[in-house]
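Asker:
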Amino acid sequence: AQSVTQPDIHITVSEGASLELRCNYSYGATPYLFWYVQSPGQGLQLLLKYFSGDTLVQGIKGFEAEFKRSQSSFNLRKPSVHWSDAAEYFCAVGARDTNAGKSTFGDGTTLTVKP
Amino acid sequence: DSGVTQTPKHLITATGQRVTLRCSPRSGDLSVYWYQQSLDQGLQFLIQYYNGEERAKGNILERFSAQQFPDLHSELNLSSLELGDSALYFCASSVVAGNTGELFFGEGSRLTVL
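Chains as they are written, first to last, in the working numbering: chain A, 1 to 115; chain B, 1001 to 1114.
#1: Given that residue 107/A touches chain B, what residues does it touch there, using C-beta distances under 7 Å?
#2: In chain order, what residues of the same chain lie with their CB nearer than 8 Å to the CB of residue 92/A, ignoring the 5 residues before and after it?
#3: Exposed or buried, residue 53/A, counting other C-beta atoms within 10 Å across all chains shown (16 or more means buried)?
#4: Please report how far the alpha carbon of residue 2/A lies from the alpha carbon of residue 28/A, in whole angstroms.
#5: Grab the span of the beta strand (DSSP E) containing residue 88/A for me, first residue to last.
#6: According to DSSP, residue 75/A sits in a beta bridge with which residue or residues?
#7: Along the chain, where does the beta strand (DSSP E) containing residue 34/A start, and where does it finish?
#8: Are the segment 1007–1014 of chain B and the segment 1030–1047 of chain B touching, with three or more C-beta to C-beta distances below 8 Å?
#9: In whole angstroms, what is the alpha-carbon distance linking residue 81/A and residue 111/A?
#10: Can you give me the Cβ contacts of residue 1086/B inside the same chain, cut-off strictly under 8 Å, excluding the 5 residues immediately before and after it?
#11: Below 8 Å CB to CB, which residues in the same chain sit around residue 8/A once its five sequence neighbours on both sides are set aside?
#12: Could you give the residue range of the beta strand (DSSP E) that holds residue 1089/B?
#13: Residues bridged to residue 1102/B by DSSP?
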């Protein structure tokens, strides 16, 4: 069965600092990988996704993530954090080769941005 | 705005009661997913429908049921409610049945069971 681990429950960074949120997955093959963001009182919004090809993927709001097969990781990065990036971030994994799609989500990382 | 509409946004009810949560997917999306988000369980997949048919089942309790109607809207029925059912219930939709499609989430229905 697929699973996702986000080791950091809560991260605090200063505005303008760089950010890296960790995500490790467990899956028998290369899965589909996603990062979603949830702002308070809102639903989840897709930041970026990896299906195949270039292992460095660009997303919205200046985020990027790198798929590392050898480490079973898909870490999310941003070079300079803005106060509006404060939110909860979820990594998700989806199985390939199935007509029944369900993404499995990690427990999330809450990002606090200090002024 | 994701285009996914969920009603009601908030619901307070008592133990033993039954509630229905409604979801209208994005125009053109055939897949509807239900997720439960609670503090102790995180975001848990409940069930998926694709074009009216159940496609995948997750950790959905027997007291819960769902369906997708011909107009593609979906309802999640929760019965014999317990305190532990208090959570945020999300509906998400996607164009495709499989995992290649981005999930578009509604803003959720917050259920409080007293």
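Even glycine gets a Cβ: it sits at the ideal position worked out from N, Cα and C.
Answerer: This is what the structure holds:
#1: For a Cβ distance threshold of 7 Å, residue set 1042 of chain B lies close to residue 107/A, ordered along the chain.
#2: The beta carbon of residue 92/A lies closer than 8 Å to those of 4, 33, 34, 35, 36, 103, 104, 105, 106 in the same chain, with the five residues before and after it left out.
#3: Only exposed fits residue 53/A, as fewer than 16 other CB atoms lie within 10 angstroms of its CB.
#4: Spanning the two alpha carbons is a distance of roughly 8 Å.
#5: Counting along the chain, the beta strand (DSSP E) containing residue 88/A begins and ends at 87–94.
#6: Residue 75/A is bridged to 66/A.
#7: For residue 34/A, the uninterrupted beta strand (DSSP E) run begins and ends at 32–38, by DSSP.
#8: Touching, no.
#9: Put simply, the backbone Cα of residue 81/A is about 10 Å away from that of residue 111/A.
#10: Scanning its chain for C-beta atoms nearer than 8 Å, with the 5 sequence neighbours on each side dropped, one finds around residue 1086/B the residues 1038, 1111, 1112, 1113, in chain order.
#11: Closer than 8 Å at Cβ, skipping near neighbours: 21, 22, 109.
#12: 1087–1094 is the extent of the beta strand (DSSP E) around residue 1089/B.
#13: Residue pairing of residue 1102/B in beta bridges, as defined by DSSP: absent, with no partner found.
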